[in-house]
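Asks:
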Amino acid sequence: MATSELPALPNSRTEPDGSAVVRVLGYNLRSLRDDEEALARVIRACRPDLVLAQEAPRFFRWRKHAARLAAKTDLVMLSGGATAAGPLLLCSLRATVEHTEDILLPRTPGLHRRGFATAVVRFGGARLGVVSCHLSLQSAERYDQARMLLDHLAALDAPHAVVAGDVNERPEGRAFRLLADHLQDAGAVAPWGDADTHPQSAPRQRIDAVFATEGVEVLACGVPRGLPGVSDTDLRTATDHLPVLAALRVPAG
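Each number in the numbering used here corresponds to the 1-based position in the sequence shown with 288 added.
(1) What did DSSP end up calling residue 411 once you bin it into helix, strand or coil?
(2) What is the residue span of the beta strand (DSSP E) that residue 376 lies within?
(3) Name the DSSP bridge partner or partners of residue 553?
(4) For residue 354, which residues from the same chain have a beta carbon less than 7 Å from its beta carbon, with the 5 sequence-adjacent residues on both sides left out?
(5) Tell me, which residues are paired with residue 421 by DSSP?
(6) Grab me the residues of residue 350's own chain with a C-beta within less than 6 Å of its C-beta, minus the 5 sequence neighbours each way, in chain order.
(7) Look at residue 414 and residue 541 and say whether their C-beta atoms are less than 8 Å apart.
(8) Can you name the start and end residues of the beta strand (DSSP E) that residue 366 belongs to?
(9) Quick check on the burial criterion: 16 or more other C-beta atoms within 10 angstroms. Buried or exposed for residue 472?
(10) Grab me the residues of residue 360's own chain with a C-beta within less than 6 Å of its C-beta, minus the 5 sequence neighbours each way, in chain order.
(11) To which residues of the same chain is residue 424 closer than 7 Å at the C-beta, ignoring the five residues directly before and after it?
(12) DSSP three-state call for residue 429: helix, strand or coil?
(13) In terms of residue numbering, what span does the alpha helix (DSSP H) encompassing residue 464 cover?
(14) Quick check: the stretch 517-536 against the stretch 314-326, are at least 3 beta-carbon pairs closer than 8 Å?
(15) Measure the alpha-carbon distance for residue 510 versus residue 476 and round it to whole angstroms.
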């Protein structure tokens, strides 16, 4: 879709019936090794209520780096980071936080350890489980992690939930299909703008996605290229993935 054809994304708001329109941004940060100012500009322009990030800083002074990004984007740290092996949650002050938990997954010798950053938050009368994930590069482990993600999602005991992550495979892959069989693949339900997310310089595959449980209305989801304030230069220099932005209407709980 051409930049000039990109329709407006619904704004965050709380409805009179207690339901809420929530903007969710999924983004692989590549450990903030690229242009952090460009990254912050992209995130700010998306005006997210929730950022479900992957590859957040995990080593020396990682909390300081994550907190600096949160401050630059007018958000606050919610959970994750090194304690979740990379997934990180940021949120706006609009969110009321009920619960957070960082989960480390079983380690496979020779492979990078993975984890989930999870939380339960409220927007008005809408209660929402949140999970950021970054699945394995190895196919069998990736499928097992997708099954564990669904188990942990159910254990959040929230009426509705959203997941965003770097799935590390295309929609036809086994792990991606497993998630899409149990959750709504937001980018397929309500495509908005571009879809492919990697590599950022010449995207040719959709390996980053937002998923939502049944009952959540997906209003729009896609790469925010052409959104006011989001420049192609910033998207190219911020990190090695493109972000995925979704607008969801979450029913009152």
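Every residue, glycine too, gets a C-beta built ideally from N, C-alpha and C.
Replies: The structure says:
(1) strand
(2) 376-379
(3) No statement about residue 553 is possible, as the shown extent of the chain runs from 289 to 541 and does not include it.
(4) Cβ neighbours of residue 354 beyond the five flanking positions: 344, 345, 365, 369, 376.
(5) 404, 453
(6) 369, 370
(7) yes
(8) Unbroken beta strand (DSSP E) run through residue 366: 364-368.
(9) buried
(10) 328
(11) Taking C-beta separations shorter than 7 Å and ignoring five residues to either side along the sequence, the partners of residue 424 in its chain run 399, 402, 430, 433, 456, following chain order.
(12) In the three-state reduction of the DSSP assignment, residue 429 falls in the helix class.
(13) 462-470
(14) yes
(15) Put simply, the backbone Cα of residue 510 is about 9 Å away from that of residue 476.
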